[in-house]
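Taking it in order: structure first as structure tokens, then the write-up.
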Amino acid sequence: MAILKQGSARQNASQIQRELLLKALFQKWDSDGSGFLDLKEIDELLYTYKEGMEKESMKKAKLHVQFPKLHPGHEVRLSSKQFQKYIELVVSELRGNEEEVLESVVEFLMNSLERSHVESLRNCARQKWLHQIQRAAETSGVSLEPVYTETFKALTQDAETHGNKKISAHISLLEENLLLPDRGNVLLRNVACTLDDAPFVLRKVLYRDMKGISFTVVDEGKPIHVPQVQHHGNVYFWNHSRKKSDHSGSFLALPLQDAYMRIFGVLAVDTLRDPQKINIFLPHEIRFYQGVANVFSAAYHYVHSREHILHIVITGIGWLYNITPSITAISTYFAEPNSEKDSDYVLRNMMVTGAQGLTEIHKNPSVIFRKTCIFRDFLFKCTDSSEVVLASVCGENHIVVPLRERTGEALGVLDVNIGKRKMLLYREFKDLQKMLKVIQLACSEILGELSGEIKKNYILEIENEGEVQRAGVLFFRVMLGELQECLGLLTSSDFVSLLLYDYDPVAEDEAPPDSQSQDLKANIKLVQDILKAIIVFFHPKLQSSDLESWDRCKLYVNQQLVEYICDFDPTAMELKVNLELIVEYIEDHSRIEVWKFGNAAIEYLYHWAHICLALIKLNKKISSAIISPPLPTKTDSYVYAKMPGGSLPGK
119 MAILKQGSAR
129 QNASQIQREL
139 LLKALFQKWD
149 SDGSGFLDLK
159 EIDELLYTYK
169 EGMEKESMKK
179 AKLHVQFPKL
189 HPGHEVRLSS
199 KQFQKYIELV
209 VSELRGNEEE
219 VLESVVEFLM
229 NSLERSHVES
239 LRNCARQKWL
249 HQIQRAAETS
259 GVSLEPVYTE
269 TFKALTQDAE
279 THGNKKISAH
289 ISLLEENLLL
299 PDRGNVLLRN
309 VACTLDDAPF
319 VLRKVLYRDM
329 KGISFTVVDE
339 GKPIHVPQVQ
349 HHGNVYFWNH
359 SRKKSDHSGS
369 FLALPLQDAY
379 MRIFGVLAVD
389 TLRDPQKINI
399 FLPHEIRFYQ
409 GVANVFSAAY
419 HYVHSREHIL
429 HIVITGIGWL
439 YNITPSITAI
449 STYFAEPNSE
459 KDSDYVLRNM
469 MVTGAQGLTE
479 IHKNPSVIFR
489 KTCIFRDFLF
499 KCTDSSEVVL
509 ASVCGENHIV
519 VPLRERTGEA
529 LGVLDVNIGK
539 RKMLLYREFK
549 DLQKMLKVIQ
559 LACSEILGEL
569 SGEIKKNYIL
579 EIENEGEVQR
589 AGVLFFRVML
599 GELQECLGLL
609 TSSDFVSLLL
619 YDYDPVAEDE
629 APPDSQSQDL
639 KANIKLVQDI
649 LKAIIVFFHP
659 KLQSSDLESW
669 DRCKLYVNQQ
679 LVEYICDFDP
689 TAMELKVNLE
699 LIVEYIEDHS
709 RIEVWKFGNA
719 AIEYLYHWAH
729 ICLALIKLNK
739 KISSAIISPP
749 LPTKTDSYVY
759 AKMPGGSLPG
769 K
């Protein structure tokens, strides 16, 4: 085992070294910071390796690569990750030790990329500015304000330093046009801009029927450069007080794309405020601005992924608090890079859920440092190891659980405080495990979509309403899927055994009531009520009087009912259910009662019913604040949130 671990560690170290080598090569090659390299240019240089003797072997690598789509200029452009994968495949086709060959190829390419001193300095400055944008996302505490600030700082500093220009810039994001759909099904809303332009640009809206080239950028997915706006005729000027004689300058609009290359907005840069007569953007400036757009897009989606994870955690905690009374508090922390050299990361306390299930989300979350918080060292131990840690501090016991990246590393932790209890009850611990498993699956899905590793999977109709709505229901959707899978694995005998739970009127009259007969009666009522509630989900016209006869109810419990359960979408638009009757059947049965009964089928059906009810309620309130991101606004120091968890009576 020790040898295996040693080998695995060596392999990981080798992979990290390879990634760093290729990342450094990419950055040197991408001297303008555009974030992409032209495949044709890469091949031209690669094929000169060893004076062209390895050219044919290198060409074989292309048989194993799925290249991205052609760009408007008919070139194939590779991102940093795609470039790394391509070079690794090329190296695998060459003879010799793979590590040594890789180092040789990288060294050859590095030496071949001759850059002037000016280019090297420019590249170094640009890489630093681009890094600051991503860094702002990682240390923002789930806020886009620092990301906008660093983005405009990168644009203005580069324009002044490397272009001798004074620029204006703004970011507009696509929105569904709900108020004026006759002016186009989508609109572009200006969400951020350079400070001087705020009175004229910020929060303004561009419709499709207005002048402007931004929608052309959205439709075509490529940058548009207008060297002289005064001669173009289709550029929209936000500042109406500016004289026509001042409408001179250069304008550049760049598409903002997600990991799936879908357009979600536009980054616009212009030189209308520049006093110089000749202020056209040069090719190296345009390439850098493309790099800014790419890094901003990654940072934007990084922040939103963390926001969605918080939404998932709040929903999961809401579900858990309805069935587990022994939890004192749950604190949620995100790991962030630390600017100080004495620590590799810090923990930011994003939110705290108290005993009543009310979550307090902070606008300016406090940061915890490893060295200054020795009594909370267990939080760092959990983050370091990405494993569950049990701790006791000041007489209170904690179960600390990592929130993991798809790589297995911890992106944050959940600190579950159980007070003075040494441990949760077994059933409560199992429910905590269940919640954590579902949260992790939902987070993994969000993170996989962020990186482009997996395609978005829309299962429930409500998920098509938007990303925020989807994050609000993802916990329930994943848990619903888990329950449907478990129910699908049950055999017919599991359901037949439930149908045997029936009252015997003769035996009931003859036998005096005792604890055993009362328990049996309670179990019969539990089984029958849950099955009746399930039947009503799919037969909404049935009334309670129709289900008084248990023999009649049995006719509905068949293989078709199980298929209905496994395919059911509680958020479907055409769905009609008798909510009052369903609630009437299950509201008096507690989680403890179901646990004590100890039947897997009843356990699954009970939770399935409550999850469906929670999703139906969320679907009805889709337009209200309950489904909006539960984060503070600029005017709040904190905000309280309590997500519906399918309330389970009698904890």
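My numbering puts the sequence shown at residues 119 to 769. Ideal placement from N, C-alpha and C gives every residue a C-beta, glycine not left out. All values reported here derive from a predicted model rather than from experimental measurement.
Which class does residue i belong to by DSSP, given the choice of helix, strand or coil?
| i | result |
| --- | --- |
| M228 | helix |
| Q375 | strand |
| T525 | coil |
| L476 | coil |
| F593 | helix |
| N676 | coil |
| F201 | helix |
| D388 | strand |
| L196 | strand |
| A651 | helix |
| L608 | coil |
| V586 | helix |
| K714 | helix |
| Q245 | helix |
| D72 | Residue coverage of the chain in this structure runs from 119 to 769, which leaves residue 72 outside it and unanswerable. |
| C88 | Missing from the structure shown is residue 88; the chain here goes from 119 to 769 and no further. |
| N130 | helix |
Specify, as a first and last residue, the run of the alpha helix (DSSP H) that residue i falls within.
| i | result |
| --- | --- |
| N412 | P401 to Y439 |
| Q661 | Note, Q661: premise wrong, no alpha helix (DSSP H); not H, not E. |
| L298 | Careful: L298 lies outside any alpha helix (DSSP H) and carries neither H nor E. |
| I160 | L157 to L164 |
| F333 | S332 to E338 |
| R721 | It is Glu, not Arg, that sits at residue 721 in the sequence shown. E721 -> alpha helix (DSSP H) spans A718 to K738. |
| D549 | Y544 to S569 |
| F498 | D495 to S503 |
| E702 | L697 to I704 |
From which residue to which residue does the beta strand (DSSP E) around residue i run?
| i | result |
| --- | --- |
| S290 | S286 to E294 |
| P455 | A447 to P455 |
| A277 | First-last for A277: E263 to H280, but that is the alpha helix (DSSP H), not the beta strand (DSSP E). |
| N467 | Y463 to T471 |
| G170 | Segment: none, G170 is in no beta strand (DSSP E) and carries neither H nor E. |
Assuming residue i and residue j make a contact with CB atoms under 8 Å, what is their CB distance in whole Å?
| i | j | result |
| --- | --- | --- |
| D156 | E193 | 5 Å |
| V519 | V511 | 16 Å between Cβ atoms; not a contact. |
| G590 | T446 | The Cβ separation is near 26 Å, so there is no contact. |
| I381 | V410 | Wrong, their Cβ atoms sit about 16 Å apart, outside the cutoff. |
| M597 | I729 | 6 Å |
| G475 | G436 | 6 Å |
| G570 | A377 | 3 Å |
| P455 | M468 | P455 to M468, Cβ: 16 Å. No contact. |
| M228 | K284 | Contact doesn't hold; Cβ gap of about 36 Å is too wide. |
| R307 | R326 | Rounded, the Cβ-Cβ distance is 13 Å, inconsistent with contact. |
Starting from the C-beta of residue i, find all residues in its chain whose C-beta is less than 6 Å away, skip the five residues before and the five after it, and write them out in chain order.
| i | result |
| --- | --- |
| G330 | L324 and Y354 |
| I653 | Y674 |
| K602 | Checking the displayed sequence, the identity of residue 602 turns out to be Gln instead of Lys. So the qualifying residues of the chain are C684. |
| T442 | E546 and D549 |
| N582 | Y576 |
| Y722 | L601, C604 and L605 |
| E666 | none |
| A509 | F496 and H516 |
| V507 | F496, K499, C500 and V518 |
| F144 | S198 and F201 |
Give the DSSP bridge partners of residue i, in chain order.
| i | result |
| --- | --- |
| V510 | This sequence places Ser at residue 510; Val is not what is there. Paired residues: N515. |
| H343 | L370 |
| D533 | S449 and V518 |
| V323 | R307 |
| A640 | Answer is none; A640 lacks a bridge partner. |
| I486 | L465 |
| R253 | None; R253 has no bridge partner. |
| G383 | L291 and L374 |
Closer than 8 Å by C-beta to residue i: which residues in its own chain qualify, once you throw out the five before and the five after it? Chain order, please.
| i | result |
| --- | --- |
| K271 | W247 and Q250 |
| I564 | S423, H426, I427, I430, A589 and L592 |
| I704 | D647, I648, A651, Y724, A727 and H728 |
What does a CB cutoff of less than 7 Å around residue i pick up in its chain, not counting 5 residues either side in sequence?
| i | result |
| --- | --- |
| H725 | L601 |
| T774 | Only positions 119 to 769 of the chain appear in the structure, and residue 774 is not among them; the question remains open. |
| N357 | F318 |
| Q252 | V413, A416 and A417 |
| E211 | S175, M176, K178 and A179 |
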